[in-house]
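Asker: Residue numbers for the sequence shown follow the UniProt record's numbering, beginning at 1 and rising by one.
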Amino acid sequence: MDVIHAYLNLVPVTLSQSLIYSFLVLGIMIPFRLLSFPDLTSEGAFPLGGCVCATLLLAGYPPLLATVVAMLAGVGAGAATALVHLRFRINSLLAGILVFTALYSVNMRILGRSNIALFNTDNIFTQINPAILTDVRLQVATFAVLIVVALVALRWYLATQAGAALRVIGINPELAPSLGISIWTYTIVGLGVASGLTALGGALIVQLQGYADVGMGTGILINGLASLVIGETITGRQTVTRQLLAPVVGAVVYYQLVSLALSLGLQPSDLKVVTAGFVLVTLGLPMLRGRSAMRETMRA
């Protein structure tokens, strides 16, 4: 009963946070699934959004402007990864590593220190409704509206000619030039949008929690991948709509599983190992099942 009570107390909080982290998971999904471009920029773009937003808020800039500029900074980070890959023909994973490694120093320069508090600073939530910061139900409603708006916008974009061209690059990059599709343009756009969404998540979480830290993105990629895998297992990937829903569904389920694990007495320091193991099992299980089915077929 104590475990159930502890879990139920955590559910609303993790639900609101998971909706914010949905932006991060969307930012991971776009390059991985739509562009077939394994990208690690989110590890640096997430704290970049938070650090830029925090610095602008402390400087007295309007919260909405600070949030938009933070998102644009993320777009720049994604575009930088695309350019490093395309211009220097560096492997996509290595390009992402180079960019997010450099972003750590950039974030330190922007923030001026390793972390900073924003408790007495006006933010986007206090401008909408100050009660959002203390009422979890209002947080869930607010973040749900924001993520729905993002999903609708992405669904609309992917239904356009430009969105179709972006998906062609992920499906068959060799065919794209013959169709008049610029690989450079749409790779930069795709990674820019992805990192922009990731930075937006960082800006929102900083304003909700009231502090920014340059290390807030450490290990966030594995959490996002775990959420994406869970979401795709639940929703499938047969249509664009399902692929877009997968990050949100996965983030909600993943963070509820984290809440359950903590309620059962698992130490926070053990969560990374559990998450890595879960991703490994989830990705490897279909392959093991396929091999088992093949062996049974050969025996028959």
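Note that the Cβ used here is the ideal one computed from N, Cα and C, for glycine as well.
The structure presented is a predicted model; accordingly, all values stated were derived computationally and were not measured.
What residue range is occupied by the uninterrupted alpha helix (DSSP H) comprising Tyr104?
Answerer: For this step, residue 104 is matched to residue 104 along the sequence shown. From DSSP, the alpha helix (DSSP H) with Tyr104 extends over 92 to 111.
Asker: Let me know the secondary structure DSSP gives Asn115 once reduced to three states.
Answerer: Taking the first residue of the sequence shown as position 1, residue 115 is located at position 115. Correct three-state label for Asn115: strand.
Asker: What did DSSP end up calling Ala212 once you bin it into helix, strand or coil?
Answerer: As a first step, residue 212 must be located in the sequence shown, where it is residue number 212. Strand at Ala212.
Asker: Determine the direct distance from the alpha carbon of Ile116 to that of Ala15, and round the result to whole angstroms.
Answerer: For this step, residue 15 is matched to residue 15 along the sequence shown. For this step, residue 116 is matched to residue 116 along the sequence shown. The sequence as given places Leu at residue 15; Ala does not occur at that position. Those two C-alpha atoms are separated by around 25 Å.
Asker: What runs of the alpha helix (DSSP H), each 4 residues or longer, lie entirely inside the region 120 to 196?
Answerer: DSSP runs (the alpha helix (DSSP H)) wholly in the region 120 to 196: 124 to 128, 136 to 159, 161 to 171.
Asker: To the nearest angstrom, how far is it from the Cα of Asn120 to the Cα of Pro12?
Answerer: Stepping through the sequence shown from its first residue, residue 120 is reached at position 120. Stepping through the sequence shown from its first residue, residue 12 is reached at position 12. C-alpha separation (whole angstroms): 25 Å.
Asker: Give me the residue from Ala144, Thr241, Leu35, Met71 with the minimum Cα distance to Ala199.
Answerer: The residue you call residue 199 lines up with position 199 of the sequence shown. Comparing Cα positions, the closest option is Met71.
Asker: Under the rule that 16 or more other beta-carbon atoms within 10 Å means buried, what is Leu40, buried or exposed?
Answerer: Taking the sequence shown and counting its residues from 1, the one referred to as residue 40 is at position 40. Label assigned to Leu40: buried.
Asker: Can you tell me the Cα-Cα spacing of Leu93 and Gly201, whole angstroms?
Answerer: For the purposes of this step, residue 93 is identified with residue 93 of the sequence shown, where counting begins at 1. For the purposes of this step, residue 201 is identified with residue 201 of the sequence shown, where counting begins at 1. Each residue's alpha carbon lies about 22 Å from the other.
Asker: Give the range of the alpha helix (DSSP H) segment to which Pro247 is assigned.
Answerer: As a first step, residue 247 is located in the sequence shown; it is residue number 247 there, counting from the start. Unbroken alpha helix (DSSP H) run through Pro247: 240 to 263.
Asker: Closest to Gly217 by CA distance: which of Leu24, Asn91, Gln17 is it?
Answerer: Residue mapping note: residue 217 aligns to position 217 of the sequence shown, counting from 1. Cα-wise, what sits closest to Gly217 is Leu24.
Asker: Helix, strand or coil for Phe37? Go by DSSP, reduced to three states.
Answerer: Position 37 of the sequence shown, counted from the first residue, corresponds to residue 37. Residue state, collapsed to three classes: coil.
Asker: Using DSSP with H/G/I as helix, E/B as strand and the rest coil, what is Ala59?
Answerer: Residue mapping note: residue 59 aligns to position 59 of the sequence shown, counting from 1. Three-state DSSP puts Ala59 in coil, outside helix and strand.
Asker: Given a cut-off of 8 Å on the beta-carbon distance, is the pair Val168 and Ile188 in contact?
Answerer: In the sequence shown, residue 168 corresponds to position 168, counting from 1. In the sequence shown, residue 188 corresponds to position 188, counting from 1. Taking 8 Å as the Cβ cut-off, Val168 and Ile188 do not qualify as a contacting pair.
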